[in-house]
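Asks: Residue numbers (our numbering): 1 to 420.
In this text, a Cβ means the ideal position worked out from N, Cα and C, and glycines have one as well.
Submitted below is the structure of interest, expressed as structure tokens.
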Amino acid sequence: MEDEDHIYFFFRESAVEYINCGKTIYSRVARICKNDNGGPHKFQNGWTTFLKTRLNCSVPGHEQPFFFNEIQSMTPVDSDLPVEDRIIYGVFTTPDNSISGSAICAFKMSSVVNAFDGDFRDQDESNSLWLPIPKSRTPSYPRPGTCYNDSRALPSSTLNFARLHNLMAQNVNPVGDRPLFVKTSLGERLTVIASDARVRDVLEPRNKFDVLFVGTTGGRVLKIVNSVLIESMQIYPYHVPVRNLMVLEDHLVILSDHEVSSIPLQRCSHPSAQSCGDCVALQDPYCAWNVLTSECVPHKGQDISKLLQNVEFGFHSGCPESSYSDSVPYFDNVNEEGSNNQYEVPRQFNKNYGPRFYPPTAYKDRNERTIYTEKTLALATISAAFTALLIGFLGGYFISKRCEKPLKLEFLERRAGNLK
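Here it is, written out as structure tokens:
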């Protein structure tokens, strides 16, 4: 990822600032200048502007936040926007040996820039805490990490400081200080994220929405807008994880380890959105209800005066109350046999690599859990206890019979004792 002057790296590593309290992984964002050519003499083979800080994706708690420390994927930055309006989205997960969970966090690029412009962090002794370095100990000009006309002409004081202190004191916190979306599941995690940025609102063109597409380890792609799950699409079998996603014009390209698929960004004609209320309740920026044709249609190229949409709240006064279902439409996009609603593959893709859809009955969702009543659980507990007692009694009885001396042998032993 890059902007006008810098290149950004996103990764995870062992947290050196936490080492005195144990071992843990932190997500990082790092930055170098595009014109960094190394330093003079012994610094010629190293970066002179490398800085890093922590990306914090966590759910606030009463005593301690719940952290999603391991970054998995990030969206690119939209360099066409001013820095203060640029937002990036990332997928974060918990460690494999922890409570299984995934989250999507949004970060302002202005927060990233402010963190790199803030204080540096250092540890005075091996057992000391990592604390901000006073400004009096930081070289003022040129400031470590800033882009210089010729990095090979940087003074040694700046170079030595940058080499020893590349960790910033300020963390980058998410927008709203909490994740946009959280998923907890033992059998499925979020893997990768892509975004279609600044999709216009039909009625308020000034309102724009970032549509997020998120892959999972269970072969699904989730469409999310404003932390609302719009759609869940089962693209691959449940044992095939989605490895990468890319928005290409009006299609989403999906990659697994062995397959490439393509689906349209919008799914307005799905049977679950055949009424005005259900279409608006989708809160899908791509879709709107056409009052003339009574259809849920893609609004692109349509006469907006004939369309009804409300992405923010999912309700429009122009729709009859009877057109709203009891629940918001939520559907797995798997094609049924005989359906004419087949996805089209862009011409630049080979037809052989089009999306393959698997019936929901062919693979049982491993996240499904059977719910038992209290009566059933009580009967199961009593039956298990009775079975255990019966097995114990029978086992003890047969063991005692095997260890018991035969009557004839006991009689002979007694007679031999009397003869003595």
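From this set, 178, 71 and 44, which residue's C-alpha is nearest residue 26's C-alpha?
Replies: Numbered from its first residue, the sequence shown carries residue 26 at position 26. It is 71.
Asks: The beta strand (DSSP E) spanning residue 279 covers which residue range?
Replies: Here residue 279 is taken as the residue at index 279 of the sequence shown, counted from 1. Premise fails: residue 279 lies in the alpha helix (DSSP H), 276-281, not in any beta strand (DSSP E).
Asks: So residue 168 is in the beta strand (DSSP E); what residue range does that whole segment cover?
Replies: For this step, residue 168 is matched to residue 168 along the sequence shown. Unbroken run through residue 168: none, as it is neither H nor E.
Asks: State the Cα-Cα distance for the pair residue 131 and residue 91, rounded to the nearest angstrom.
Replies: The residue you call residue 131 lines up with position 131 of the sequence shown. The residue you call residue 91 lines up with position 91 of the sequence shown. In a straight line, the C-alpha of residue 131 is about 28 Å away from that of residue 91.
Asks: By DSSP, does residue 162 sit in helix, in strand, or in coil?
Replies: By 1-based counting over the sequence shown, the position of residue 162 is 162. Note: residue 162 maps to helix in three-state DSSP.
Asks: Can you tell me which of 118, 312, 148 and 179 puts its alpha carbon nearest to the alpha carbon of residue 134?
Replies: Numbered from 1 along the sequence shown, position 134 holds the residue referred to as residue 134. Checking every option, the nearest Cα to that of residue 134 belongs to 118.
Asks: Taking 8 Å as the threshold (C-beta atoms), are residue 241 and residue 256 in contact?
Replies: In the sequence shown, counting from the first residue as 1, residue 256 sits at position 256. In the sequence shown, counting from the first residue as 1, residue 241 sits at position 241. Going by C-beta atoms, residue 256 is nearer than 8 Å to residue 241.
Asks: Report, in whole angstroms, the separation of the C-beta atoms of residue 188 and residue 158, which I expect to be a contact under 8 Å.
Replies: Looking up residue 188 in the sequence shown gives position 188. Looking up residue 158 in the sequence shown gives position 158. About 48 Å; that fails the 8 Å criterion.
Asks: Could you check which residue in 294, 225 and 292 has the C-alpha nearest to that of residue 104?
Replies: As a first step, residue 104 is located in the sequence shown; it is residue number 104 there, counting from the start. If we check each option's Cα against that of residue 104, 225 comes out closest.
Asks: Check residue 298 in the structure and name its three-state DSSP category.
Replies: Your numbering for residue 298 matches position 298 in the sequence shown. Reduced to three states, the DSSP call for residue 298 is strand.
Asks: Which partner residues does residue 45 have in the DSSP bridge list?
Replies: In the sequence shown, counting from the first residue as 1, residue 45 sits at position 45. Partner(s): none; residue 45 has no beta bridge.
Asks: In the DSSP assignment, the alpha helix (DSSP H) including residue 226 goes from what residue to what residue?
Replies: Mapped onto the sequence shown, residue 226 falls at position 226. Note, residue 226: premise wrong, no alpha helix (DSSP H); not H, not E.
Asks: List, from N- to C-terminal side, the alpha helix (DSSP H) runs of 4 residues or more that fit wholly inside the segment 88-150.
Replies: Qualifying alpha helix (DSSP H) stretches, in chain order: 109-116.
Asks: When the Cα atoms are used, what is the spatial distance from residue 292 to residue 318?
Replies: As a position in the sequence shown, residue 292 is number 292, starting the count at 1. As a position in the sequence shown, residue 318 is number 318, starting the count at 1. Looking at the two C-alpha atoms, the distance is approximately 13 Å.
Asks: I'd like to confirm the pairing. Which residues does DSSP put opposite residue 53 in its beta bridges?
Replies: Taking the sequence shown and counting its residues from 1, the one referred to as residue 53 is at position 53. Answer by DSSP bridge pairing, in chain order: 29.
Asks: How would you write the range of the beta strand (DSSP E) that residue 74 sits in, first residue to last?
Replies: Residue numbering aside, residue 74 sits at position 74 when the sequence shown is read from its first letter. Segment 70-74, the beta strand (DSSP E) holding residue 74.
Asks: Answer with buried or exposed for residue 231, where buried requires no fewer than 16 other C-beta atoms within 10 angstroms of its C-beta.
Replies: For the purposes of this step, residue 231 is taken as the residue at position 231 of the sequence shown. Classification of residue 231: buried, given that the 10 Å Cβ count is 16 or more.
Asks: List the endpoints of the continuous beta strand (DSSP E) containing residue 211.
Replies: Indexing the sequence shown from 1 puts residue 211 at position 211. That run of the beta strand (DSSP E) goes 208-216.
Asks: Who pairs with residue 152 in a beta bridge, going by DSSP?
Replies: Counting from one through the sequence shown, the residue named residue 152 turns up at place 152. Per DSSP, none; premise fails for residue 152.
Asks: Go to residue 8, then tell me how far its beta strand (DSSP E) extends in each direction, as first and last residue.
Replies: Reading the sequence shown from its first residue, position 8 is the one you call residue 8. Run containing residue 8: 6-14, per the beta strand (DSSP E) assignment.
Asks: Assuming the contact rule is C-beta atoms closer than 8 Å, residue 55 and residue 29 should be a hit. Round their C-beta distance to whole Å, please.
Replies: Your numbering for residue 55 matches position 55 in the sequence shown. Your numbering for residue 29 matches position 29 in the sequence shown. Rounded, the Cβ-Cβ distance is 5 Å, consistent with contact.
Asks: Verify whether the separation of the beta carbon atoms of residue 199 and residue 211 is less than 8 Å.
Replies: Position 199 of the sequence shown, counted from the first residue, corresponds to residue 199. Position 211 of the sequence shown, counted from the first residue, corresponds to residue 211. Yes. Within cutoff.
Asks: What's the C-alpha gap between residue 122 and residue 111?
Replies: Counted from its first residue, the sequence shown places residue 122 at position 122. Counted from its first residue, the sequence shown places residue 111 at position 111. Each residue's Cα considered, the two are about 21 Å apart.
Asks: Looking at C-beta atoms only, is the number of pairs between the segment 34-47 and the segment 61-71 that lie closer than 8 Å three or more?
Replies: Cβ pair count under 8 Å is below three, so no.
Asks: Rounded C-beta distance between residue 283 and residue 221? I'm assuming under 8 Å.
Replies: Within the sequence shown, residue 283 is the residue found at index 283, counting from 1. Within the sequence shown, residue 221 is the residue found at index 221, counting from 1. The pair is not a contact, with the Cβ atoms about 17 Å apart (cut-off 8 Å).
Asks: Locate the beta strand (DSSP E) running through residue 24, then write down its first and last residues.
Replies: Walking along the sequence shown from the start, residue 24 turns up at place 24. Where residue 24 is concerned, there is no enclosing beta strand (DSSP E), given that its DSSP letter is neither H nor E.
Asks: Can residue 101 and residue 183 be called in contact, C-beta distance under 8 Å?
Replies: To locate residue 101, count along the sequence shown from 1; it is residue 101. To locate residue 183, count along the sequence shown from 1; it is residue 183. Cβ atoms of residue 101 and residue 183: closer than 8 Å.
Asks: If you reduce the DSSP assignment to three classes, tell me which class residue 356 lands in.
Replies: Here the question's residue 356 lines up with position 356 in the sequence shown. Because the pLDDT at residue 356 is just 37, under 50, the model does not fix this residue reliably, and the point stays unresolved.
Asks: Please specify which runs of the beta strand (DSSP E), each continuous and at least 3 residues long, are wholly inside the segment 238-281, giving them in chain order.
Replies: Segments of the beta strand (DSSP E) lying fully in the segment 238-281: 244-248, 251-255 and 260-264.
Asks: Could you work out which residue in 124, 193, 137 and 116 is closest to residue 147 when comparing CA atoms only?
Replies: One-based indexing of the sequence shown puts residue 147 at position 147. Of the candidates 124, 193, 137 and 116, the one whose C-alpha sits nearest the C-alpha of residue 147 is 116.
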